[in-house]
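Number 290 in this note's numbering belongs to position 247 of the sequence shown; there are no gaps in the numbering. A quick write-up on the structure given underneath.
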Amino acid sequence: MTATTAAPTDDLTADVTAWLEANWDPDLTVAEWWDRLGRSGWAVPTWPLEWFGKGLSRAEGVRVMQTISSFGALGAPGGLGTLLAGPTITVHGTEEQKQRYLLDIVTGQKAWCQLFSEPGAGSDLAGLNTRAELDGDEWVVNGQKVWTSGGHWSDLGMLLARTDADVPKHQGITYFALDMHQPGIEIRPLRELTGRAMFNEVFLTDVRVPADAAIGGVNNGWAVANTTLMFERSGLGAGGGGGSVAALPGTIGGDLERRAGDFLRSRDLTDAGGGGGSMSVDNLSRLARANGTIDDADVRQSLAQLYSMNEIARFTNLRQRALARAGKEIPGLGNIAKLSMSRILRLTRDLGGRILGPYATLHAYDADGGAALAAATEGGAQPGVTESMLFAQAPQIYGGTDEIQHNILGERVLGLPKEPDTNKGKPFREIPKNG
44 MTATTAAPTD DLTADVTAWL EANWDPDLTV AEWWDRLGRS GWAVPTWPLE WFGKGLSRAE
104 GVRVMQTISS FGALGAPGGL GTLLAGPTIT VHGTEEQKQR YLLDIVTGQK AWCQLFSEPG
164 AGSDLAGLNT RAELDGDEWV VNGQKVWTSG GHWSDLGMLL ARTDADVPKH QGITYFALDM
224 HQPGIEIRPL RELTGRAMFN EVFLTDVRVP ADAAIGGVNN GWAVANTTLM FERSGLGAGG
284 GGGSVAALPG TIGGDLERRA GDFLRSRDLT DAGGGGGSMS VDNLSRLARA NGTIDDADVR
344 QSLAQLYSMN EIARFTNLRQ RALARAGKEI PGLGNIAKLS MSRILRLTRD LGGRILGPYA
404 TLHAYDADGG AALAAATEGG AQPGVTESML FAQAPQIYGG TDEIQHNILG ERVLGLPKEP
464 DTNKGKPFRE IPKNG
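Dropping the structure here:
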């Protein structure tokens with residue numbers, strides 16, 4: 044059953060807690076628990092009532108997540124299904140597509156990845172060259188994608204492909220839901236500074252997509268993609284509450300049949316203290332007190348600044364919630380939140396380095412190595428903080444670079460003139476290619 048009535052917002056925490064008291068069982072499998080949570084409407088409460096949500100605001104959705112975590116229950120399925128694919132399908136999908144995809148997202152049965160960027164189409168995403176050609180009632184796709192987060196454990200992909208090269212570049216793109224379990228898809232991990240391989244490059248050779256898997260209609264993919272990017276910037280931005288996962292959703296990760304109670308600590312690249320949120324401020328303050336760097340006035344100032352930036356992000360979301368109830372919004376909030384997150388993570392990186400000193404240069408590439416480093420240095424080395432410092436370079440690039448966010452705010456919010464474009468209006472096949 045799907046949720047049919049909105050939850051009262053005056054005592055939201057009590058509502059969620061009461062439901063958890065009646066339903067949480069750590070001995071359920073992950074699949075069983077997520078099915079119960081997803082069908083209740085509490086897995087993604089910001090979704091519409093008729094599609095497994097509660098119709099709550101973004102800030103209220105964060106409160107629900109925090110309540111589930113504080114209760115000690117396994118949180119909702121994470122990843123790009125709930126963050127991007129599902130919200131986009133609720134906006135642009137047909138009724139049949141919503142029925143086909145949304146339940147498997149909220150119950151964690153299927154994991155999604157994002158097949159947008161290409162070697163020659165990053166900041167200029169509309170310059171993508173991956174092509175799809177119609178063959179009966181299927182599209183045949185050939186091309187290459189890069190920076191595909193979680194592609195190696197995804198069941199489905201949000202694919203942008205060019206379906207018409209004889210129109211201007213923004214007009215000939217289609218957004219598909221791609222089955223990743225088929226011949227012709229090759230996934231190659233990309234190793235990061237942290238030692239992890241969250242990103243991948245994906246090669247598509249004669250891959251087939253049913254015609255009814257085009258989300259938003261043929262050649263309307265740019266509008267659909269912009270909806271996805273809006274959700275991405277809002278979800279990943281400061282105060283967004285998105286990004287971390289505990290158990291992996293989907294059929295490849297292998298977590299669905301495991302005990303739900305064994306996954307009560309989220310897998311987050313910044314979990315140990317450098318993510319920039321309130322936990323990071325608390326953790327870095329504790330470390331500074333332990334090693335005496337709290338006596339440094341610059342360290343105290345930076346801790347205060349980090350706390351203030353997080354509070355500004357939190358209050359901005361509360362302000363947006365109040366405006367939404369009056370039918371208004373903060374223009375460009377998603378872009379502002381994304382820029383704010385980048386600033387917070389850079390400050391967290393620099394502050395972590397000052398607090399740890401030379402120990403910040405010690406890094407392990409697995410849990411055992413991290414424990415050994417911490418033991419050998421009597422706690423001086425903090426692998427989680429160091430990993431967060433290494434990872435801090437990524438957020439200002441993924442999800443649209445900081446420079447792109449500034450351009451969007453300048454042109455679409457402030458009304459500044461766009462940069463001259465001599466190729467505007469030309470058919471895509473006549474435009475010089477980026478790569």
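Just so you know, even glycine gets a beta-carbon here, dropped at the ideal spot from N, CA and C.
query: Beta-carbon contacts of Gly259 that lie in its chain and below 6 Å, excluding the five residues immediately before and after; result: His135, Tyr218 and Val267
query: Beta-carbon proximity check, Leu416 vs Ala424, cutoff 8 Å; result: yes
query: Separation of Val149 from Thr60, as counted between CA atoms; result: 19 Å
query: Buried or exposed (CB count within 10 angstroms, at least 16 for buried), Ala365; result: exposed
query: At least 3 beta-carbon pairs within less than 8 Å: the region 323-343 vs the region 83-101; result: no
query: Distance CB(Gly349)-CB(Leu390) smaller than 8 Å; result: The question names Gly, yet the displayed sequence has Leu at residue 349. The answer is yes: Cβ separation under 8 Å.
query: As assigned by DSSP and simplified to three states, the class of Arg276; result: helix
query: Candidates Asp54, Lys467, Tyr441 and Leu236: closest to Leu272 by CA position; result: Tyr441
query: Given 8 Å, three or more beta-carbon pairs between the region 117-127 and the region 142-158; result: yes
query: Proximity of Leu307 and Val73 at Cβ, strictly below 8 Å; result: no
query: Met201, enclosing beta strand (DSSP E) - first and last residue; result: Leu199 to Arg205
query: Reduced DSSP secondary structure (H/G/I, E/B, other) of Gly317; result: For Gly317, the pLDDT reaches just 39, beneath the cut-off of 50, and the residue's location in the model is therefore unreliable, although a value from the coordinates is still provided. Looking at Gly317 - three-state DSSP - the assignment turns out to be coil, as it is neither helix nor strand.
query: Through-space distance from Leu146 to Thr294, alpha-carbon basis; result: 15 Å
query: Straight-line Cα distance separating Gly375 from Thr270; result: 13 Å
query: Buried/exposed call for Thr465, threshold 16 Cβ in 10 Å; result: exposed
query: Per DSSP, cross-strand counterpart(s) of Arg174; result: Asn185 and Arg205
query: The region 91-104 contacting the region 165-182, beta-carbon criterion three pairs below 8 Å; result: no
query: Cβ-based neighbour list, Lys212, same chain, cut-off 7 Å, excluding 5 preceding and 5 following; result: Ala169, Gly170, Phe471 and Ile474
query: Distance, Leu327 Cα to Asn360 Cα; result: 24 Å
query: Outcome for Tyr144 when other beta-carbon atoms lying within 10 angstroms are tallied against a minimum of 16; result: buried
query: 8 Å contact criterion, which Arg234 and Glu244 should meet: CB distance rounded; result: With 8 Å as the limit, Arg234 and Glu244 do not qualify as a contact, their Cβ atoms being about 12 Å apart.
query: Reduced DSSP secondary structure (H/G/I, E/B, other) of Thr217; result: strand
query: DSSP three-state assignment for Leu16, whether helix, strand or coil; result: Outside the modelled stretch of the chain, which goes from 44 to 478, sits residue 16, for which no answer is possible.
query: For Phe358 and Arg100, the rounded distance between their alpha carbons; result: Arg is not the amino acid found at residue 100; the sequence shown has Ser there. If I take the Cα positions, the gap works out to 14 Å.
query: Selection from Val252, Leu203, Ala208 and Thr444 that minimises the alpha carbon distance to His224; result: Val252
query: Distance CB(Gly11)-CB(Trp77) smaller than 8 Å; result: Residue 11 is absent from the structure shown; the chain starts at 44 and stops at 478.
query: Exposed unless 16 or more other CB atoms sit within 10 angstroms - verdict on Asp198; result: buried
query: Classification of Thr133 by the beta-carbon crowding that lies within 10 angstroms, buried from 16 upward; result: buried
query: Sequence-distant residues of the same chain with beta carbon closer than 6 Å to Gly413, five excluded per side; result: Ala407 and Pro426
query: Supposed close pair Leu80, Ala128 - CB separation, criterion 8 Å; result: So it is not a contact: roughly 18 Å between Cβ atoms.
query: Outcome for Gly238 when other beta-carbon atoms lying within 10 angstroms are tallied against a minimum of 16; result: exposed
query: Nearest candidate by alpha-carbon position, reference Glu181, set Glu161, Ala419, Ala256 and Thr137; result: Ala256
query: Strand pairing of Ala303, partner residues [DSSP]; result: For Ala303, which the question treats as bridged, DSSP gives no partner whatsoever.
query: Neighbour-count burial assignment, Glu138, 16 or more Cβ in a 10 Å radius; result: exposed
query: Val250 vs Val324 beta-carbon contact at 8 Å; result: no
query: Residue environment, Ala403, which counts as buried when at least 16 other CB atoms sit within 10 Å; result: buried
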